[in-house]
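What follows is a set of notes on a single structure, which appears directly below.
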Amino acid sequence: MNFPTSYSEILERIEQIDVEAYGRTRNFKNGAVSNLSPYISRGIISTKFVYDNIKASGASFHAAEKFLQELAWRDYWQLLWLVKGNAIFKDLKHKQSPVMSHAMPRAILEAKTGIKAIDEALITIKETGYMHNHMRMYVASIVCNIAQTHWKVGADWMYSQLLDGDLASNYLSWQWVAGTNSNKKYYANQENINKFFGTDQSGTFLDTSYDALPNMELPDVLAERSEFELKTDLSHLETDDITPSTLSLIHTYYNIDYQKNKTKQIQNILLLEPEHFKRYPVTQHCIDFTLKLAKNMDGIKIFVGAFDELLELLGEENIIFKEHPTHQHFKGNRLERDWMTSIKGDFPSFFKFWNKAKKELSYE
Numbered sequence: 001m002n003f004p005t006s007y008s009e010i011l012e013r014i015e016q017i018d019v020e021a022y023g024r025t026r027n028f029k030n031g032a033v034s035n036l037s038p039y040i041s042r043g044i045i046s047t048k049f050v051y052d053n054i055k056a057s058g059a060s061f062h063a064a065e066k067f068l069q070e071l072a073w074r075d076y077w078q079l080l081w082l083v084k085g086n087a088i089f090k091d092l093k094h095k096q097s098p099v100m101s102h103a104m105p106r107a108i109l110e111a112k113t114g115i116k117a118i119d120e121a122l123i124t125i126k127e128t129g130y131m132h133n134h135m136r137m138y139v140a141s142i143v144c145n146i147a148q149t150h151w152k153v154g155a156d157w158m159y160s161q162l163l164d165g166d167l168a169s170n171y172l173s174w175q176w177v178a179g180t181n182s183n184k185k186y187y188a189n190q191e192n193i194n195k196f197f198g199t200d201q202s203g204t205f206l207d208t209s210y211d212a213l214p215n216m217e218l219p220d221v222l223a224e225r226s227e228f229e230l231k232t233d234l235s236h237l238e239t240d241d242i243t244p245s246t247l248s249l250i251h252t253y254y255n256i257d258y259q260k261n262k263t264k265q266i267q268n269i270l271l272l273e274p275e276h277f278k279r280y281p282v283t284q285h286c287i288d289f290t291l292k293l294a295k296n297m298d299g300i301k302i303f304v305g306a307f308d309e310l311l312e313l314l315g316e317e318n319i320i321f322k323e324h325p326t327h328q329h330f331k332g333n334r335l336e337r338d339w340m341t342s343i344k345g346d347f348p349s350f351f352k353f354w355n356k357a358k359k360e361l362s363y364e
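First residue of the sequence shown? That's 1 in full-length UniProt numbering, and the numbers climb one at a time after it.
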């Protein structure tokens, strides 16, 4: 899976979206997915920007509705994060039960579950930072509901691997699968995996009926556990010379904003805070991808350190940043993020949110 980092190629991807084909095929391995998620997660483009482009493309709302609905899930998770705060990192609505372990099944980490489509995807995510969204649900279901592992262990692991790692989408989706943020657990059997991922496999631990899955004994292949530990190493990155007391736009892992950096009088700084990555570690693959995206901006400066160090250098009056839950300790001129709609607040379910959002998004 290839994710280009030049802005022109990212814009080409938006132009190439076939919303009708997406609606029909998105759950299949080779479906017409957009592959825009890494760019939305890193703040290069917003959900609103994509929506505006789809609307301008001439695609009818009816044809685009499923694509826009999936796009709205991201806004929904982000809004829920704003309301719930750090509660999204704990069982949100229901306590997960049963929980046998707080360590990952070794078979997941080593891609040795014996299920061909699963193992192939586990190798791919390690090599490329990509996993199909439907496959993420399969893996989460195995980890949480078959291996009875606490969902946060799995969410920590998957977030660290993904180029499109987004704390809200990732952690709340894992909770949805585990039943802690939904009214039931999500299960998938081998027949379902075969259908959507083009395999013809039988005899696996998932080769059973849906009725049997919730009461299944722990498969032997998932019994062995391994502690997953990862440290994000930023020590090899050199901090550029920052011009003090200068109007500066602060970019971060969650906000590399090409749209706001066009004024030459503004100093553009990519801030990488070691404390953030200590709390939410990611692979070197993710850091490298972020740096490549940032360096498309002429004159971007890298600063590895705490925000307070930048604050001392620049002065609060010279700092511009975009709102995000990971930026709550920032000080300066705060810009709002772009959203698909004006809908805000806490909604008990996505479809409660979508029913309101759809009224604003409809353009026919």
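Glycine included, each C-beta is placed from N, C-alpha and C at the ideal position.
Residue i versus residue j: straight-line alpha-carbon distance, rounded
i: LEU234; j: TRP81; result: 27 Å
i: LYS185; j: LEU162; result: 23 Å
i: ARG24; j: LYS195; result: 14 Å
i: LEU310; j: ASP288; result: 22 Å
i: TYR280; j: LEU230; result: 9 Å
i: ILE125; j: GLY315; result: 41 Å
i: residue 373; j: GLU12; result: Summary: the structure shown does not reach residue 373, with the chain confined to residues 1 through 364, and so no result is reported for it.
i: GLU120; j: ARG136; result: 12 Å
i: ASN191; j: ASN27; result: One detail in the question is off: residue 191 reads as Glu in this sequence, not Asn. Computed Cα separation, rounded: 14 Å.
i: TRP174; j: TRP77; result: 12 Å
i: ARG42; j: PHE3; result: 13 Å
i: GLU290; j: TYR7; result: It should be pointed out that residue 290 corresponds to Thr in this sequence rather than to Glu. Cα-Cα distance, rounded: 13 Å.
i: GLY31; j: ILE17; result: 12 Å
i: ASP166; j: GLY58; result: 30 Å
i: SER202; j: ALA117; result: 12 Å
i: VAL19; j: SER362; result: 15 Å
i: LEU249; j: GLN259; result: 11 Å
Buried versus exposed, by CB contacts within 10 Å (16 or more), residue i
i: SER34; result: buried
i: GLN328; result: exposed
i: PRO38; result: buried
i: ASN215; result: exposed
i: LYS322; result: buried
i: ARG74; result: buried
i: GLY198; result: exposed
i: ALA155; result: buried
i: HIS134; result: buried
i: ASN318; result: buried
i: ILE123; result: exposed
i: ASP241; result: exposed
i: HIS132; result: buried
i: MET1; result: exposed
i: ALA168; result: buried
Simplified DSSP assignment, three categories, for residue i
i: PRO274; result: helix
i: GLN267; result: strand
i: ASN189; result: coil
i: THR128; result: helix
i: residue 390; result: Past the boundaries of the shown model lies residue 390; the chain is included only from 1 to 364, so the question cannot be answered.
i: SER8; result: helix
i: LEU206; result: coil
Other residues of its chain near residue i: CB distance less than 6 Å, five sequence neighbours each side excluded
i: ALA294; result: ILE256, LEU270, ILE300
i: residue 366; result: Outside the displayed span of the chain (1 to 364) sits residue 366, for which this structure offers no information.
i: ASN333; result: ILE320
i: residue 368; result: It is not possible to answer for residue 368, since the shown part of the chain is limited to 1 through 364.
Own chain partners of residue i with C-beta closer than 8 Å, once the 5 adjacent residues on each side are dropped
i: GLY345; result: LEU79, VAL83
i: GLY85; result: PRO325
i: LYS112; result: ARG106, ASP119, VAL221
i: LEU71; result: THR47, VAL50, TYR51, MET340
i: GLN96; result: CYS144, HIS150, TRP151, ALA178, GLY179, THR180
i: THR243; result: GLN267
Any non-hydrogen atom of the ligand SAH within 7 Å of residue i CB
i: ASN333; result: The ligand SAH is not among the ligands present in this structure, which contains no ligands whatsoever.
Contacting residues, own chain, Cβ-Cβ under 7 Å from residue i (five flanking each side not counted)
i: ARG225; result: SER101, ALA103, MET104, PRO105, ARG106
i: PHE350; result: TRP73, TYR76
Exercise for review: Report yes or no: do the stretch 36-55 and the stretch 91-103 share at least 3 C-beta pairs separated by less than 8 Å?
Suggested key: With fewer than three CB-CB distances shorter than 8 Å, the stretch 36-55 does not count as touching the stretch 91-103.
Check your understanding: At a cut of 8 Å, does the stretch 233-250 reach the stretch 203-223 through at least three beta carbon pairs?
Key -> Cβ pair count under 8 Å is below three, so no.
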